[in-house]
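Residue numbers (the numbering used here): 16 to 549.
Ideal Cβ positions, reconstructed from N, Cα and C, are used throughout, including at glycine.
Report on one structure; see the data block that follows.
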């Protein structure tokens, strides 16, 4: 089995055990070094104590000044060396002649040591010297006579044990420590490996790398923009398509999302933990449809991801088609009305009521022209005017009187909104009013529309005298999928209206009474307030 494909548990176990052994080796080197230093210090103190004992021997004071006094001194010193377990003891007179030495042939010879000088000046000290038998710690003690005059020097040498000897002396302790550390190292490594295995969903390292490569390639190949953030709102993923849609250049990884694209509101998912599907967001002149989903681990939100598409062209095309459909509906209704009016005129002529026929033509033409002139003059876009004309005509077909307040006007749109948003709002609210009046019997069915605008506010109001909405329904009509018409309704119209109101930072109020009617009032600010970017 190759190392690459070895299970991660064994890899971690081997690595951890190797680290334990390495730590033991380093610790052992430090311990052995401290042991040698401590042993040298102890040998030095022992050498000085032994040296003082020898320096105070009467035999030294009596025979150190005599010729061939070593015959009396050496046996006595040798016994003390044996008793004190010293490696050697050398006694010198002031002429550096040896009066005691482990090798008898050197008795009476001169010593040439380089570290003996201070001892002949009445100093006691220790040195570390390399000799034929190895490294030794030597203690120097001056020998004083009864008159406190120096008459010689005692040198006590103790060999420093080698590393092998120290390890041999500590072999029981070393084996015990190795056993314990190996045992706990293996057990700890095994538990650590098992924990990491669970945290990585039992994936091997090469499998994790493969997943990362595949994930990156997948994100880059997708035709949707993808942005992911961590729990601190720092960007962790942003594919090239996202940069293309948002017109961004450079690297934005680890940068706060609210500083890069605050309009996307991705950081709000971290605080609310709520999922948003297919929401429309305006980013500059682009229309972005996005889905934002929190990332949870053990019920805790640790990040969020957003998938989005640029639907600008598609949305504009669909809205233009919707506007065309409104004009087509208006033309269809007008064609139907004109046919009815032509039949009326033809009947009056056949009845020889020429004056009434002419009056009917003038009256009908004047009403239509008056409404058209008012809408074209007071409303910014023809698409909105065309929608309202079609709804007025549609109301006549249904027996509903649709009136538009003559003081209404709309010359500019609130921030973030355009004619397509107002077409959707007015179209849905008026159609809902028609539906409310269809199911009720009433001699006079009314729908009133008014749009008021000044430099600070734009107010849209649609009222009807239909069947009304209960309090329980008022709390749910803005929810996606809920409809007061039951299975016959889609539950989308008012939900889309609410989204547009939120997009324009407006307020929506519903006032209704059962059997009396309903009014929808929407207010939009005409000036964008600070803080709405986020």
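DSSP beta-bridge partners for residue i?
i, result
"residue 466", "475"
"residue 103", "172"
"residue 409", "Answer is none; residue 409 lacks a bridge partner."
"residue 249", "271"
"residue 167", "108 and 158"
"residue 461", "416"
If I follow the unbroken alpha helix (DSSP H) through residue i, where does it start and stop?
i, result
"residue 515", "508-518"
"residue 275", "272-275"
"residue 255", "255-261"
Apart from the five residues just before and just after residue i, which ones in its own chain have a Cβ nearer than 6 Å to its Cβ?
i, result
"residue 156", "66, 67, 70, 139 and 169"
"residue 463", "418 and 478"
"residue 323", "240, 303 and 305"
"residue 11", "For residue 11 there is no data in the structure shown, the boundaries of the chain being 16 and 549."
"residue 17", "Model confidence at residue 17 stands at a pLDDT of 48, short of 50, so the residue's coordinates are unreliable; what they give is reported in the following sentence. Within the same chain, residue 17 has no close Cβ partners at all."
"residue 76", "160"
"residue 326", "302 and 304"
"residue 420", "465"
"residue 475", "466 and 537"
"residue 531", "483"
"residue 444", "477 and 535"
"residue 111", "125 and 126"
"residue 268", "250"
"residue 290", "308"
Between the Cα of residue i and the Cα atoms of the options, which residue gives the shortest distance?
i, options, result
"residue 113", "131, 98 and 99", "131"
"residue 390", "410, 411, 415 and 426", "426"
"residue 248", "240, 242 and 282", "282"
"residue 477", "525, 492 and 291", "525"
"residue 410", "449, 422 and 387", "449"
"residue 483", "459, 451 and 510", "451"
"residue 405", "152, 387 and 141", "387"
"residue 161", "110, 472, 72 and 466", "72"
"residue 62", "45, 159, 171 and 85", "171"
"residue 105", "512, 55, 129 and 153", "153"
"residue 278", "129, 431 and 165", "431"
"residue 397", "198, 433 and 422", "433"
"residue 142", "289, 207, 175 and 515", "175"
"residue 237", "246, 251, 310 and 258", "258"
"residue 533", "480, 508, 522 and 517", "480"
"residue 460", "412, 287 and 400", "412"
"residue 435", "458, 454, 421 and 400", "400"
"residue 197", "489, 206, 232 and 36", "36"
"residue 246", "276, 287 and 228", "287"
"residue 190", "40, 274 and 490", "40"
"residue 145", "137, 128 and 453", "128"
"residue 48", "265, 299 and 179", "179"
"residue 423", "93, 54, 261 and 392", "392"
"residue 315", "284, 510 and 64", "284"
"residue 562", "117, 121 and 199", "Outside the modelled stretch of the chain, which goes from 16 to 549, sits residue 562, for which no answer is possible."
"residue 95", "81, 115 and 262", "115"
"residue 486", "201, 528, 318 and 453", "528"
Quick one: residues in its chain with C-beta nearer than 7 Å to the C-beta of residue i, no 5 flanking neighbours on either side, listed in chain order?
i, result
"residue 402", "341, 438, 441 and 442"
"residue 91", "72 and 74"
"residue 87", "74 and 78"
"residue 173", "58, 61, 62, 101, 102, 151 and 152"
"residue 470", "541"
"residue 252", "234, 241, 242 and 243"
"residue 513", "493 and 523"
"residue 137", "157 and 165"
"residue 377", "Any reading at residue 377 is ruled out, since the residue's pLDDT is 47, under 50, leaving its predicted position unreliable."
Specify, as a first and last residue, the run of the beta strand (DSSP E) that residue i falls within.
i, result
"residue 286", "Premise fails: residue 286 lies in the alpha helix (DSSP H), 281-287, not in any beta strand (DSSP E)."
"residue 324", "315-325"
"residue 445", "Where residue 445 is concerned, there is no enclosing beta strand (DSSP E), although the alpha helix (DSSP H) it sits in stretches over 434-453."
"residue 245", "240-245"
"residue 416", "416-419"
"residue 487", "Segment 486-489 is the alpha helix (DSSP H) holding residue 487; no beta strand (DSSP E) there."
"residue 537", "532-540"
"residue 309", "301-312"
"residue 482", "Note, residue 482: premise wrong, no beta strand (DSSP E); not H, not E."
"residue 527", "522-528"
"residue 292", "291-298"
Got a sec? Which residues, its chain only, sit under 8 Å from residue i by beta carbon, not counting five neighbours each side?
i, result
"residue 83", "123"
"residue 335", "Only weak support is given to the placement of residue 335: the predicted model assigns it a pLDDT of 49, under 50, and the question is left unresolved by the model."
"residue 134", "140, 155, 156, 157, 168 and 170"
message: So within the stretch 55-95, which uninterrupted alpha helix (DSSP H) runs reach at least 4 residues, ignoring any that extend past its ends?
response: Whole alpha helix (DSSP H) segments, 4+ residues: 73-78.
- prompt: Which runs of the beta strand (DSSP E) fall wholly inside the stretch 108-153 and span at least 3 residues, in chain order?
  reply: The stretch 108-153 contains these whole beta strand (DSSP E) runs: 113-115 and 140-146.
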